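Residue numbering for the sequence shown follows the working numbering, beginning at 28 and increasing consecutively.
Below is one structure, written out as structure tokens; comments come after it.
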Amino acid sequence: MNPGRTAATEDLLTWSGELMTRRQSRSQWGVAFAGSGGYLPGRGITNDDLLARTGLATTSQWVREHTGIEQRHYADAGQATSDLAAEAVRRALADSGVDILEVSRILLCTTTGDWTSPAAANRVQYLLGGQCPVLDIQTACASWIFGLDLGARMIVSGLDNVVVVGADVKSRFLRRGDFRLGPVMADGAGAVLLSAYDGPDGLQQLELYSDGSKTANLITPAGGSALPASAETVAADLHTVQLGVPGGVIKEHAVFAMARLTEQVCAQQGITPAEVDWIVPHQANGAIVTALVRELDLPAERFVNTIAHSGNTVAATLPYAYDFAARSGRFRPGDRIVLTTAGAGYSAGAALYVVPGA
């Protein structure tokens, strides 16, 4: 083993080599992003605000220097994940000019559904006045890229318009006093409308990765069938996000997976990451984004970075960051964009997208 790599990294490297030799995945899917929308609830919570509210034993400067975050947003008391998701979808539909009754499916990607059952996507449909079938998708921070894969396949199968929305209210699942995750996790939503497209651009490649051996590395232990809610689980604070390994291990896994997957989707199109115009990475924290910049050896200016004002909105980070950049006028027809993410589970994914219209 290379002394600079952990066993976990070697596992990923082995998988990466296997992926390079297997049959290439679908190319030029015939799917385009017809519209996008993002939503951050309430007012921005600055680091000073956060420390005053939570009593975290740290400083505003420490939070900024170690996470890259200056503010984050929390949902109001009367807002659930479905409320945030519905607002992001409204904005995506307005951006596309497509009516909700023209939507064939709504895929809600989230780790914080309104209830354990039924799917929060049902309430999103209700709030929007839709009539199409809906479902929830949960693969932690990678939920949206897995939803993109499923949604694109639905378009390929013959559907016209599929909404893939990522939304989370993670602020309600944090341990009081947790200075590692407390300043990082936030609430928000982002949505993209997928539509059938007959041009050469649009979605080009998409790769996913899962490794169930790392399930306990980052986990909310209680509330499911493995450990049902009880007075004991509440007292033990087991309904909050918890690290099962040092944060450095999480960072290493995330950076390595996002970098290798970025290289994979590029290689399958006969290009290198250096030929990509924009990288939209999972906004986990500033340190992970900075490490990914170094790992890919690309200019930092090519990376869409919203972490300073949004925090880590979990399943919403990719669609929110994509929408933020699109509305800022950064993307031009013909631009190559890689969206890449990694999350608990262990799950990761990347997609190569070319902006139509060149």
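Ideal Cβ positions, reconstructed from N, Cα and C, are used throughout, including at glycine.
As the structure is a computational prediction, the values presented were derived from the model and not from experiment.
Exercise. Quick check: the segment 190-207 against the segment 370-381, are there 3 or more CB pairs under 8 Å?
Worked result: no
Exercise. How about V276 and F60: do their beta carbons lie closer than 8 Å?
Worked result: no
For this session: Kindly give me the distance between the Cβ atoms of T368 and I133, rounded to whole angstroms, as I take these residues to be in contact under 8 Å.
Result: So it is not a contact: roughly 20 Å between Cβ atoms.
For this session: Give the C-beta separation of L221 and I182 to the nearest angstrom, bearing in mind that I take them to be a contact with Cβ-Cβ under 8 Å.
Result: 5 Å
For this session: Please determine if the segment 149-164 and the segment 262-275 are in contact, where contact requires at least 3 C-beta pairs separated by less than 8 Å.
Result: no
Problem set entry | Whether M212 touches V130 by CB criterion (8 Å) | no
Problem set entry | Close beta carbons around I127, own chain, < 7 Å, minus the five adjacent residues each side | L120, L155, G156, G157
Problem set entry | Span of the alpha helix (DSSP H), counted from its first residue to its last, around L175 | 170-183
Problem set entry | C-alpha distance - A335 paired with A263, whole-angstrom precision | 32 Å
Problem set entry | Where the alpha helix (DSSP H) containing L155 begins and where it ends | 147-155
Exercise. Per DSSP, what kind of secondary structure is C159 in: helix, strand or coil?
Worked result: coil
Exercise. Can you tell which of Q296, V382, Q295, F283 has its C-alpha closest to the C-alpha of H309?
Worked result: F283
Exercise. Do you know whose CA, among C293, L67, T94, lies nearest T108's CA?
Worked result: L67
Exercise. Can the beta-carbon of T81 be found closer than 8 Å to that of G174?
Worked result: no
Exercise. Just checking, does the segment 98-113 make contact with the segment 228-239 on the three C-beta pairs under 8 Å criterion?
Worked result: no
Problem set entry | DSSP-derived helix/strand/coil call for T81 | helix
For this session: Could you check which residue in D324, G215, G229, Q88 has the C-alpha nearest to that of T333?
Result: G215
Exercise. With a CB to CB cut of under 6 Å and the five nearest residues on each side skipped, what residues in its chain are close to L323?
Worked result: A286, P300
Exercise. Apart from the five residues just before and just after P227, which ones in its own chain have a Cβ nearer than 7 Å to its Cβ?
Worked result: Q55
Exercise. With C-beta atoms as the reference, is G95 less than 8 Å away from N339?
Worked result: no
Exercise. Can you tell me whether DSSP reads L128 as helix, strand or coil?
Worked result: helix
Exercise. In its own chain, which residues sit with a C-beta less than 8 Å from the C-beta of V331, not counting the 5 before and 5 after it?
Worked result: W305, I306, V307, P308, A348, Y349, F351, A352, R357
For this session: Please work out which residues of its chain come closer than 6 Å, Cβ to Cβ, to L366, disregarding the five sequence neighbours upstream and downstream, and give them in chain order.
Result: V307, L345, A378
For this session: Between the Cα of T139 and those of Q291, I246, Q296, spot the shortest distance and give me the residue it belongs to.
Result: I246
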